Amino acid sequence: MLRLAAALALVAALAFVAAPAHASAPPRVEPLPAAGPATPSASPVAPGQATPARAAAAQAVVPAHRPPPRRQPREQRDRRWGGWVAFGAQSGLFLGVGAGLGLSARDGSRRASGIVGGVGSYVLAAVGANLLGRQAERLGWRPELGHALAGLYPGMLEGSLVGGLIVQETGLEGRPARAVLLGSTAAFSVLGALLHRIAGERSGTRVGLFYALLVGSLSFLAPAAIATDRPSVLTRGLAGVGAAGLLATGLAPVMRW
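Going by our numbering, 143 is the number at position 141 of the sequence shown; the sequence numbering is gapless.
Written as structure tokens, this is what we have:
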């Protein structure tokens, strides 16, 4: 019995010596955290140590903060900046044709005017459309303004056709004829810009449709005007086809083709 008591006393002494110094202090009670979802910061883990909870949280957070792609898809960009591209192409064509006509009127050189008007206009159109479209995309120009500007040239052309038809039918000359031509051109230019602005993303496509209708109608109207010796047939036909093209542009939000 004495041996058992001595053994127990020896074990108690060894346990007391081996215990840390702060073990004898009374334990401090920490307030419990409020109930809620567990977070990585609530876990008693070293800051640099990876845990399954932290890995799952990182996988859930990183995709939400992924930066958007820098470049938009090609089709979306082409539709968005189609108005600026159409405006640049039309400007190049009109500049090239105007330069050719001015050159032929100045020195009478048909060959030089043909080269400038035939080849130079297409080069200016391609370069102008490419540069203007890239500039609009890079600087973030408003596409609505490009669509409106793309409609100025079709409206101007249609206005000159309508004005010329009025002058032909009424026999106006001199200052009244010039007033009718200028007024009709200005009015239809504003109308064309408004309709292409309404067309929105389809404005560039409707510009091509407008010119395709005019060029296609020439193959039928020009022979008829020559055969009947009536220039008014050509003017009336082109004015009607141009009006149909502008009308199709205005109906672009409804027409999906």
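The beta-carbon is built from N, C-alpha and C at its ideal position, and this holds for glycine as well.
Everything numeric in this text was worked out from a predicted model, so none of it was measured.
Residue i and residue j closer than 9 Å at C-beta
| i | j | result |
| --- | --- | --- |
| ALA195 | ALA131 | no |
| LEU215 | VAL243 | yes |
| LEU223 | GLY206 | no |
| THR251 | LEU211 | yes |
| VAL209 | ALA88 | yes |
| GLY153 | ARG199 | yes |
| GLU139 | TRP83 | yes |
| ALA241 | LEU163 | yes |
| LEU248 | GLY173 | no |
| ALA227 | VAL235 | yes |
| GLY166 | THR237 | yes |
| LEU97 | SER123 | yes |
| HIS149 | ALA189 | no |
| SER186 | ILE168 | yes |
| GLY135 | TRP86 | yes |
| GLN170 | PRO233 | yes |
| LEU155 | SER93 | According to the sequence shown, residue 155 is Tyr rather than Leu. Their beta carbons are under 9 Å apart, which means TYR155 touches SER93 by this criterion. |
Residue i: first and last residue of the uninterrupted alpha helix (DSSP H) it sits in
| i | result |
| --- | --- |
| LEU253 | Unbroken run through LEU253: none, as it is neither H nor E. |
| ARG208 | 205-230 |
For residue i, the three-state DSSP class (helix, strand or coil)
| i | result |
| --- | --- |
| LEU174 | coil |
| TRP86 | helix |
| ARG199 | helix |
Residue i burial status per 10 Å Cβ neighbour count (16 or more: buried)
| i | result |
| --- | --- |
| GLU1 | Missing from the structure shown is residue 1; the chain here goes from 3 to 259 and no further. |
| THR230 | exposed |
| VAL118 | buried |
| ALA27 | Confidence at ALA27 is low in this model, with a pLDDT of 47, below 50, so the placement of that residue should be treated as unreliable; the coordinate-derived value is given next. Result: exposed. |
| LEU126 | buried |
| ARG144 | exposed |
| GLY100 | exposed |
| ARG108 | exposed |
| ARG204 | buried |
| LEU253 | exposed |
| GLY104 | exposed |
| GLY266 | This structure cannot settle anything about residue 266, because the visible part of the chain is limited to 3 through 259. |
| GLY102 | buried |
Any alpha helix (DSSP H) of 4 or more consecutive residues that is wholly inside the stretch 98-163: 112-117, 123-141, 145-152
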